[in-house]
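Please read the structure below before turning to the comments.
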Ligand code: TYD
Ligand code: MG
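Residue numbers (the numbering used here): 36 to 507.
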């Protein structure tokens, strides 16, 4: 059988098929297979005959290596996400939906660095140089000596960058618009994206410049093109937010040089993105504490505590199968929590529609949010308004037991800073039995979901403060 000359590559997941199909067998997406010529990458090199290998010196772990100083942009929220500044010679991929503000963020970062005397190059493959300049003008960044070009050929870009003084930072907006002569596929295809990224990564490693690649995101939130690019780069961050809200979150997904759970919070204003130093205040702004079904969760995002409101609406269902809709939280966790509430708390939710929303468009992935979500659900079901000055955190186990959450102290401190006086949370390993005060916050230690349900039931009957009760 003859070897196939071309292959069909899924533009969604990067899987390779030998013939065209309507549906990708790997990711089950329809109409994503595109015919691509074999790339002149590693395969072609091997076909030309193996070159004799060069012998290189091996080194020990305790060699001499001076870490290059990091490049601080001066934008505290951005520097927090990069783990203390951009690393010279590294590649950072920033993904995000169109219009979320990636280009705005990066032109602001470029201007900030250029004003500090670094050579900064911004290559736009999507907008004309005049368009980028117009935006910079509107943002008041025109005085910053950022070097600008609208180019899409990777070979030309690398030749240009190598000609002058080594740039400290190069922004490529976006990787999907770049094309390289080493691949025969059309621009935007998986092969092109991969080869272009490969060339730019090689440039970063050889030159010591920090390269930022902008990546588009598909409808299900993945960076378009192969996941391979995510594995190739040193760090991946995603820029999130939704059209209805002004603030944007830059979230670290992968970082070879620092922690991965940090977030940077920005607010989109008429004058570009401004940093939000105190996100809790922003997320809790406009909170209506007089309605049932709202609980404040004292969460952690990386090293920073962040307070958000979890809202629940529980209503009798007219449908055979009640509706469960979740925004900003994991639907599977909601199902689990509902089952625990039914089994261990005797809370009947089976015939109710449940809507759960994390206010402000924030996404929570921490298990410690269970307790706040449970409190919001029970509050909405019973109509009891939760105390305005109480925060909740703790992971609910399948047995109904509430497990301690890490970083209790920073959570409590943040809550105290924002005027909260009480916290319902599992007792930490070092804390006593009695509900003492930590960081000025009165503790209501809870060990079982039944205690929280009893507390809320007591509230509904007479509006009294939560008090200690035995688990049901
Ligand atoms: P942009 O950076 O072009 O998004 P991306 O590169 O991720 O596609 O941002 C475009 C959006 O940001 C646009 O809808 C308008 C809004 N915006 C502002 O609200 N204020 C501003 O100062 C700027 C520059 C943009
Ligand atoms: Mg853009």
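Heads up, the beta-carbon is just placed ideally off N, CA and C, and yes, glycines get one too.
Separation of residue j from residue i, as counted between CA atoms
i	j	result
residue 112	residue 170	21 Å
residue 243	residue 251	25 Å
residue 164	residue 292	33 Å
residue 263	residue 230	11 Å
residue 494	residue 420	7 Å
residue 273	residue 475	36 Å
residue 483	residue 396	29 Å
residue 457	residue 383	28 Å
residue 94	residue 239	22 Å
residue 455	residue 320	14 Å
residue 117	residue 305	25 Å
residue 486	residue 438	13 Å
residue 59	residue 224	15 Å
residue 217	residue 266	20 Å
residue 173	residue 179	13 Å
residue 279	residue 366	22 Å
residue 97	residue 235	29 Å
residue 66	residue 444	51 Å
residue 162	residue 332	41 Å
Integer-rounded CB distance, given that residue j should sit under 8 Å from residue i
i	j	result
residue 410	residue 428	About 10 Å; that fails the 8 Å criterion.
residue 335	residue 401	7 Å
residue 431	residue 372	6 Å
residue 453	residue 316	7 Å
residue 249	residue 141	7 Å
residue 491	residue 370	In fact, because the Cβ distance is near 21 Å, the residues do not count as touching under 8 Å.
residue 347	residue 328	5 Å
residue 220	residue 211	Incorrect: roughly 13 Å between the Cβ atoms, too far for contact.
Near the ligand MG: residue i beta-carbon under 6 Å from a heavy atom
i	result
residue 138	yes
beta-carbon residue i near the ligand TYD non-hydrogen atom, thresh 6 Å
i	result
residue 307	yes
residue 286	no
residue 130	no
residue 340	no
residue 202	no
residue 303	yes
residue 104	no
residue 250	no
residue 396	no
residue 135	yes
residue 170	yes
Own chain, CB closer than 6 Å to residue i, minus 5 neighbours either side, in chain order
i	result
residue 153	203
residue 155	145, 148, 149, 181 and 204
residue 186	158 and 192
residue 127	247 and 270
residue 380	484, 485 and 488
residue 509	Within the shown structure, residues of the chain are numbered from 36 to 507, placing residue 509 beyond reach of any answer.
residue 121	106 and 245
residue 62	47 and 48
Where residue i sits in the DSSP three-state scheme
i	result
residue 425	strand
residue 440	coil
residue 208	strand
residue 181	coil
residue 298	strand
residue 236	helix
residue 114	helix
residue 469	Reliability of the predicted coordinates at residue 469 is poor, the pLDDT of 44 falling under 50, and the value obtained from them is presented with this limitation in mind. It is coil, neither helix nor strand.
residue 371	helix
residue 417	helix
residue 43	strand
residue 280	coil
residue 506	Residue placement at residue 506 is poorly supported in this model, since its pLDDT is 34, which falls under 50; the coordinates are not used for a value here.
residue 267	helix
residue 53	coil
residue 151	coil
residue 106	strand
residue 193	helix
residue 491	helix
residue 175	coil
residue 394	helix
Any non-hydrogen atom of the ligand PLP within 6 Å of residue i CB
i	result
residue 210	Because the ligand PLP does not appear in the structure shown, any question about it cannot be addressed here, the ligands present being the ligand TYD and the ligand MG.
Beta-carbon proximity list for residue i, same chain, < 7 Å, skipping 5 on both sides
i	result
residue 314	300 and 341
residue 386	351, 352 and 357
residue 470	Below a pLDDT of 50, predicted positions are generally treated as unreliable, and residue 470, at 49, falls in that range; the measurement from the model is reported next regardless. Cβ neighbours of residue 470 beyond the five flanking positions: 477, 478, 479 and 480.
residue 286	272, 273, 275 and 298
residue 337	294, 296, 297 and 298
residue 213	160, 187, 189, 207 and 231
residue 324	423
Cβ neighbours of residue i in the same chain (closer than 8 Å, five flanking residues each side left out)
i	result
residue 42	51, 52, 53, 70, 71 and 73
Within-7 Å CB hit, residue i to chain B
i	result
residue 188	Among the protein chains of the structure shown there is no chain B, as only one such chain exists.
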